[in-house]
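To start, the structure itself, in structure tokens.
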Amino acid sequence: MTHRKEPIIEIGQEPRKNVAIGFWRSVFRDGIPAHEAVLRLMPAGKAIYLLPVALFFFSLFFGRYMMDPVETFRILIIGSANACFGGASSLLSTVSGHPVLLPSFEQTWGASEQVVVFRIRLPRLIAAMLIGGGLAIAGASFQGLFRNPLVSPDILGVSAGAGFGAAVGILLSGNPWVIQVSAFFFGILAVAVTYGIGRAVGKGSTLVLVLGGIIVGSLFSAFISLTKYVADPYDTLPAIVFWLMGSLSTVSNADVIAVAPPILLCALCLYLVRWRINLLAVGEEEARALGVDTKRMTVVLIIASTVITASAVCISGIIGWVGLVVPHIGRMLVGPDFRKLIPVSAVIGASFILIVDDIARTLTAAEIPLGILTSLIGAPFFAYLLTRKKVGWIS
Numbered sequence: 102m103t104h105r106k107e108p109i110i111e112i113g114q115e116p117r118k119n120v121a122i123g124f125w126r127s128v129f130r131d132g133i134p135a136h137e138a139v140l141r142l143m144p145a146g147k148a149i150y151l152l153p154v155a156l157f158f159f160s161l162f163f164g165r166y167m168m169d170p171v172e173t174f175r176i177l178i179i180g181s182a183n184a185c186f187g188g189a190s191s192l193l194s195t196v197s198g199h200p201v202l203l204p205s206f207e208q209t210w211g212a213s214e215q216v217v218v219f220r221i222r223l224p225r226l227i228a229a230m231l232i233g234g235g236l237a238i239a240g241a242s243f244q245g246l247f248r249n250p251l252v253s254p255d256i257l258g259v260s261a262g263a264g265f266g267a268a269v270g271i272l273l274s275g276n277p278w279v280i281q282v283s284a285f286f287f288g289i290l291a292v293a294v295t296y297g298i299g300r301a302v303g304k305g306s307t308l309v310l311v312l313g314g315i316i317v318g319s320l321f322s323a324f325i326s327l328t329k330y331v332a333d334p335y336d337t338l339p340a341i342v343f344w345l346m347g348s349l350s351t352v353s354n355a356d357v358i359a360v361a362p363p364i365l366l367c368a369l370c371l372y373l374v375r376w377r378i379n380l381l382a383v384g385e386e387e388a389r390a391l392g393v394d395t396k397r398m399t400v401v402l403i404i405a406s407t408v409i410t411a412s413a414v415c416i417s418g419i420i421g422w423v424g425l426v427v428p429h430i431g432r433m434l435v436g437p438d439f440r441k442l443i444p445v446s447a448v449i450g451a452s453f454i455l456i457v458d459d460i461a462r463t464l465t466a467a468e469i470p471l472g473i474l475t476s477l478i479g480a481p482f483f484a485y486l487l488t489r490k491k492v493g494w495i496s
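Every letter in the sequence shown is one number past the one before it in the working numbering, and letter 45, counting from 1, is 146.
Structure below.
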């Protein structure tokens, strides 16, 4: 009786059998270390999707207040379980009309560790991943729509509009919710005005949209300067300037809950139509010849990308270069195919903001605004891209 020989799976080779079965066979039958089995069964190109997960857990215990990794995981798991049991108890008590107590785990850590994990770092890190991934997806989509590698998510004036809205909110109220709602509203309004100019002048031409975005962005930038001019120089003006430089220092759980649904839903929308962006990147006439409704697709891409950008900016301030540089890094890794570029850009963008935020909150005693660091990193890297003369953005 002959035994069929198991095929050898090299590192980076696409497995032909069930990954889970192959992993357990490699570990328990062949005695291969778990980390080596993962490398054998997972293609090297897909390993990048694990990067933001690893950075997320690293950033959870890394910072000016260092925490033990094991203790951090214990707080995260047990604290989350207790919160779920507490919420379920409240719900059951409300439904049944009498107190319902569910079991809970013993808390062996102090209140300060609980606050650091659940009220400071966890919402901040989730927001960093949402903002970085969202801006990167929006930038890649706009670059495909306008067929221009120099396009960023704020090309239609959304960032300038959101900045003016935030400045007005800080000037008139100072309430965080008022600032965020005002920033989101004026960001959407700026793009609506830009699109109206494009429809009225150029019948929706992408070139006219870009020119309209420049006009609207400059107009709202002037409004921002006017707002700073009339603001109190000792109180309101510093708050406006700090907000415009971008930061995650004030992000809370409520902020994450508010912006996560629009960012995730619009990102999912862009992911589902990513193959159509390939056709738009070639040209509108070619896309129409292949059955794509270019006008409708243009509206979908503009709305989804604008909502993502406005949602991100309203809680973090203006963070530049992410939507411009990250898609280029993605093209260097997976090429110009938007079916691969969109998800890879999201992964790289989330990882990039996580790294920059770690630097911002640990490099100096006072926290550095994210916009400064992204510019210091993004500008030299983009200069490096300009030296790659032989590499086209769609080739």
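For every residue, glycine included, the Cβ atom is placed at its ideal position computed from N, Cα and C.
Item, Value
"Can you name, in chain order, every residue of its own chain whose Cβ lies under 7 Å from the Cβ of G424, other than the five neighbours on each side?", "L236, A237, A239, G240, S253, P254"
"At the 7 Å Cβ level, is P444 part of the contact set with chain D, yes or no?", "Note that chain D does not occur in the displayed structure, where there is just one protein chain."
"Is the beta carbon of L391 closer than 7 Å to that of S242?", "no"
"Please look up how many angstroms separate the CB atoms of L549 and V218, rounded, as I've assumed it's under 8 Å.", "Residue 549 lies beyond the stretch modelled for the chain, which goes from 102 to 496, so this question has no answer here."
"Please list the terminal residues of the continuous alpha helix (DSSP H) segment that includes E214.", "212-216"
"Provide the residue span of the alpha helix (DSSP H) that contains I364, from first to last.", "354-373"
"How close, in whole Å, do the beta carbons of I316 and I289 come, if the pair is a contact with beta carbons under 8 Å?", "Rounded, the Cβ-Cβ distance is 17 Å, inconsistent with contact."
"Roughly how many angstroms lie between the CA atoms of G233 and H199, to the nearest whole one?", "45 Å"
"Tell me the residue span of the alpha helix (DSSP H) that contains A291.", "277-303"
"Looking only at its own chain, which residues have a Cβ that is under 6 Å from the Cβ of L366, when we skip the five neighbours before and after it?", "none"
"Below 7 Å between beta carbons: does that hold for S350 and E214?", "no"
"DSSP three-state label for D333, please.", "coil"
"Which same chain residues end up closer than 7 Å to G245 when comparing Cβ atoms and leaving out the 5 residues on each side of it in sequence?", "I378, L381, A382, F439"
"Which residue from P470, A184, A263, V279 puts its Cα closest to that of A293?", "A263"
"T307 to N276, Cα distance in whole Å?", "37 Å"
"Taking the C-alpha atoms as reference points, what is the distance between D169 and W210?", "11 Å"
"Taking the alpha-carbon positions, what's the I364 to T407 distance?", "10 Å"
"Check for me: the alpha helix (DSSP H) holding L442 runs from which residue to which?", "439-463"
"Measuring straight from C-alpha to C-alpha, what distance separates D336 and A261?", "22 Å"
"What are the boundary residues of the alpha helix (DSSP H) that R389 is part of?", "385-390"
"Looking at C185 and the ligand ADP, is the gap between the Cβ and the nearest heavy atom below 6 Å?", "In terms of ligand content, the structure shown is empty, and the ligand ADP therefore cannot be addressed."
"Could you give the first and the last residue of the continuous alpha helix (DSSP H) run that contains A241?", "223-247"
"What did DSSP end up calling E468 once you bin it into helix, strand or coil?", "coil"
"Just checking, does the stretch 438-452 make contact with the stretch 311-326 on the three C-beta pairs under 8 Å criterion?", "no"
"Could you check the C-alpha separation between R225 and G347 for me, to the nearest Å?", "13 Å"
"According to DSSP, simplified to helix, strand and coil, what is L349?", "coil"
"Take A332 and list the residues in its own chain whose beta-carbon comes closer than 7 Å to its own, dropping the five residues that flank it on each side.", "L272, L338, I341"
"Which of the three DSSP states, helix, strand or coil, is assigned to M398?", "helix"
"Counting only the same chain and skipping the five closest in sequence on each side, list residues whose C-beta sits under 8 Å from that of A361.", "I227, L231"
"Nearest CA to the CA of R432: which residue from C415, D459, G450, G421?", "G450"
"Specify the secondary structure class of W422 as computed by DSSP and reduced to three states.", "coil"
"Closer than 8 Å by C-beta to G180: which residues in its own chain qualify, once you throw out the five before and the five after it? Chain order, please.", "Q208, Q215, V218, F219"
"When you compare only the Cα positions, how much space is there between T463 and R389?", "51 Å"
"Return the first residue and the last residue of the alpha helix (DSSP H) that S160 is part of.", "152-162"
"Which residue's Cα is closest to the Cα of V414: S319, M398, A466, G472?", "G472"
"Does the beta-carbon distance from T295 to L257 come in below 7 Å?", "yes"
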